[in-house]
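Structure, as structure tokens:
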Amino acid sequence: MNDSGRTLTFNIFRYDPQLPGDQPRMQRYQLEETDGMTLFIALTRLREEQDPSLKFDFVCRAGICGSCAMVINGLPTLACRTLTTTSQSGEFNLHPLPAFALIGDLSVDTGKFMREMTERIEGWIHADEDGDIHSLEQRMEPELATAIYELDRCIECGCCVAACATRQMRAGFLSPVGFMKLGRFHLDPRDTRTDADYYEVLGNEDGVFGCMSLLGCQDNCPKNLPHQVQIAYLRRKMLQA
Amino acid sequence: MKIIYTDSLVIGGGLAGLRIAIASRQRGLDTLVLSLIPAKRSHSAAAQGGMQASLASSSKGKEDNEDVHFADTVKGSDWGCDQKVARMFCHVAPKAVRELAQWGVPWNRVKQGDRKAIVNARTVTISERAEDHGLITARDFGGTRKWRTCYTSDGTGHSMLYAMDNKAISLEIPVHERKQAIALIHHDNRCYGAVVRDMVSGELMAYVAKATTVATGGFGRIYAITTNALICDGVGTAIALETGVAPLANMEAVQFHPTAIVPAGILTTEGCRGDGGVLRDVDGHRFMPEYEPDKAELASRDVVSRCMTEHMRKGKGVPSPYGDHLWLDITILGREHIEKNLREVKEICDAFLGIDPAVDYIPVRPTQHYSMGGIRTDHRGESTHLKGLFAAGEAACWDLHGFNRLGGNSVAETVVAGMIVGEYVADFCQQQSLNIDSRVIESFIDTERGRIDTLLGRKSGENCFQLRGEMCSIMTRKVGIFRNGKDLQEAVDELTDLLRRSRDIALRHRVSHANPELELAIALPKMLKLALCAARGALARTESRGAHSREDYPERNDHEWLKRSLYFLRDDEIVLDYEPLDVMSMELPPGFRGYGADLTSHHPDTPARGAEIERQLETLDADSDRFTRQQALMPFEIPEKYQPRNHRSGVEDA
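Top to bottom, those sequences are chains X and F.
One point on numbering: in the numbering used here, the residue at position 165 of the first sequence is 166, and numbering is uninterrupted.
One point on numbering: in the numbering used here, the residue at position 95 of the second sequence is 97, and numbering is uninterrupted.
Below you can see the structure in the form of structure tokens.
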């Protein structure tokens, strides 16, 4: 099974904030590489075989649920679909995502952040009333449906938040994930909000005008969402609003 | 003692659970959702290909309606399902799609004019009418007579779950994340809520409610290789069993999906084959038409999985370090189609296999995918034995799927059951008051605290990771696609021994707060009970029906086995019982599914029911419509708000 014969090294951030006296530190582990090994497989084996106290979050392990984002060799990305073969040295430095509350080791609380973000931007379809569900649905151009889905693909993994320099400096900054959501609802004709409504959440320095355009979001989005285009688009719209 | 009160407690934040909470809130009730994880990360998000609903807007879906969907579902279930439930479901599915459209799902739409498509490995031209332009379209899936599966590319579950959770947030429904229900609180055959462990702080608390709904999904993680997410460990199902009151049902009915990638076990959607992809063997030969000349790759899932296994047994598999596999070929669909309609599949191939599916074949094999069984409920979603306990979605045996579920019917079930059961949950909450002695609540918390303290105190004993590994290996090897009495007996014996050993688990990391080892130690005995139910049920059921395939009993035996398996936990022992299916009340009496040779041994009532149906139809006016005919044969109940008929483009009968 093991073609490479490599021994991988993992330097993992360890800290249990609930354990009295515990201090943040890096801990080193080693593991034989196997064929097709991902960081999901490697970390699971480390927990089961070497250290049951290791905390990290995997759910789908297929790159679709967004649970396992962490900082891998300095860059935020999804651990489940990071193949160990992507490291030539065979060494991985693993840290939890910054900008989120730490639960322990590599596990962070993205849920609270994302829920608050959705509440803040009212990230749902605003319709005057719930319509009839027995009759033909409102029509939509096929190309528009596809375009909305393109922006709807965000999995709220938090990589863009962790990669955002503005967010690191200003805790109230809405963050790229919020812009992506707003772009998605702005494009959707089923949402009755006007540009003026959007301006209220976007048109300030905690909104789209606060962005320093360093575009860590664009570079690190695991779903390759068009953050750069969205931010530019929202700015233009907000200038007109 | 921390106690949180609500009207409608929902355990599980996937599509079914969220929809039930929404129904409760819309009826003015207090509700809250417990979830292991943020709701948007639930396994519902993994549904790729789409949900079935007979909208009949696209040309390949014309003449589809509730009747056709119903017949496909009943046949797919190998006549194991509850036909009244199937009727309720087929009637509400179009409404669910339309409701989700209003809540933001960007369903793919019909585009007027001609387009090229691949059907049965040939290029055909499909023409859409101008009057259908912009309506919700559908793709083909296995085991269906019409193109009925509504979709958003191959991220349908994701879009549905996001729309649903956003709707729940707009209604200010609280989701208590990183909370696990580890026991149900019950007294005198009435459920009152759950004992819940905070997975961060370790705190134990009680959530007390008028109605408690379990919507925790399936239990695929009792298998070594499964498409299921890691959270699909079945604990929600098991705590119902552990009440000793509520039964589970049909736990031996386990679905294996034909196309999960090797070795990771990650799903590639049935939409790959629905859109025209084919299966190939080690020689690059398309083999499915030899087994199923008519439906080929689009036979029902259980059938395709068995044919693939048989073909590999003949030495036609592709050898790999992880065992044999076959090829899924979607190269014939072309890059443009793949990058638009199968983009998650493309990402999965790229990330986990390092291949480009527009150029390369995908290595696949049948893999555990879905649990047809679960908490037995009536058609209202309430436990048949424990009042106040409801279940919906994959956690329930409602029983829409019988012994084999059609692709596209599970994500549909989550939202449709959420709508229907949600109304009955709300009715229950409005009709019932909450009277419970706090000493009952306390005693349930004390029991769970005692168990956890014992775990944390034990210095030496069994390793829970190792025990889990053994359980998963037994299930995969001995309770798989093809089953036989010898293997199943061994599985039962070995799982019984593992369950005994699981009472002696010792932790290496003994802290009561955030602790993955403790979480597994709590879950494992529960998982083992589910595994034992599946193995015991499979051993006892000496016939082959749907996904339950006994090599030593290849015939479907309606005469003896047209019944639902029930499992009760009594004095810590699993006790099997059976619930017969009444042929005389079926709209569609048992028949031949149309795959392979007909090996059915029929029920004595089947011919009588057939004759009675003919008689009943003869008494009706010759020009009576399909609704009248249906009502004459098998009346079914439906909550009032979902009773109106479904309109379809260019169809007058609504």
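Glycine included, every Cβ here is placed at the ideal spot set by N, Cα and C.
Here residue 530(F) is near residue 497(F), since their CB atoms are less than 8 Å apart. Listed along the chain, the chain F residues whose CB falls inside 9 Å of the CB of residue 59(X) are 231 and 232. The region 199-254 of chain F is shown to contain whole beta strand (DSSP E) runs of 3 or more residues at 206-216, in chain order. When DSSP reads this structure, residue 189(F) sits in a beta bridge with 192(F).
In the structure shown, residue 440(F) adopts helical secondary structure according to DSSP, grouped into three states. For residue 137(F), the nearest CB of chain X lies under 8 Å from its own CB, placing it at the interface with that chain. Within the region 68-92 of chain F, no residue places its CB atom closer than 8 Å to a CB of chain X. For residue 531(F), the three-state secondary structure derived from DSSP is helix. Buried is the label assigned to residue 54(F), since at least 16 other Cβ atoms lie within 10 Å of its Cβ. Per the Cβ contact rule, the region 15-32 of chain F is in contact with the region 413-420 of chain F (3 or more Cβ pairs under 8 Å). With 16 or more neighbouring CB atoms inside 10 Å of its own CB, residue 222(F) falls in the buried class. Near chain X, meaning a CB-to-CB distance below 8 Å, no residue of the region 528-542 of chain F qualifies.
Under the DSSP definition of a beta bridge, residue 121(F) partners with 124(F). Proximity to residue 216(F) across 204(F), 238(F), 457(F) and 370(F) peaks at 238(F), based on C-alpha coordinates.
Distance between residue 163(X) and residue 99(X), taken at the CA atoms: about 5 Å. Residue 168(X) and residue 174(X) have their C-alpha atoms some 5 Å from each other.
Residue 21(X) does not reach chain F, its nearest Cβ partner there being about 11 Å away, counting only Cβ pairs nearer than 7 Å. Linking residue 603(F) to residue 389(F) through their CA atoms gives a straight-line distance of about 37 Å. At a cut-off of 8 Å, the C-beta of residue 372(F) has no neighbouring C-beta in chain X.
By the criterion of at least three beta-carbon pairs nearer than 8 Å, the region 337-344 of chain F is not in contact with the region 517-531 of chain F. Residues of the region 106-137 of chain F that bring their beta carbon within less than 8 Å of a beta carbon in chain X comprise 106, 108, 109, 110, 111, 112, 113, 135, 136 and 137, in sequence order. Counting other Cβ atoms within 10 Å of its Cβ, residue 240(X) stays below 16 and is therefore classed as exposed.
In this structure, DSSP gives residue 385(F) an extended state, which the three-state scheme calls strand. For the pair residue 152(F) and residue 94(F), the Cα-to-Cα distance works out to about 14 Å.
By the neighbour-count definition (other C-beta atoms within 10 Å, threshold 16), residue 213(X) is an exposed residue. Annotated three-state conformation of residue 132(X) is coil, per DSSP. With a 10 Å radius around the Cβ and a threshold of 16 neighbouring Cβ atoms, residue 619(F) comes out exposed. Using beta-carbon distances, residue 157(F) counts as an interface residue toward chain X, with a partner under 8 Å. DSSP places residue 177(X) in the helix class (H, G or I) of the three-state scheme. With a threshold of 8 Å between beta carbons, residue 647(F) makes contact with chain X. Collapsing the DSSP output to three states places residue 55(X) in coil.
With its beta carbon less than 8 Å from one in chain F, residue 124(X) belongs to the interface. DSSP lists no bridge partner for residue 639(F). Under the three-pair Cβ rule at 8 Å, the region 205-212 of chain X counts as touching the region 229-239 of chain X. DSSP places residue 71(X) inside the beta strand (DSSP E), whose first and last residues are 70-73.
Nearest to residue 383(F) by C-alpha distance, out of 634(F), 76(F) and 395(F), is 395(F).
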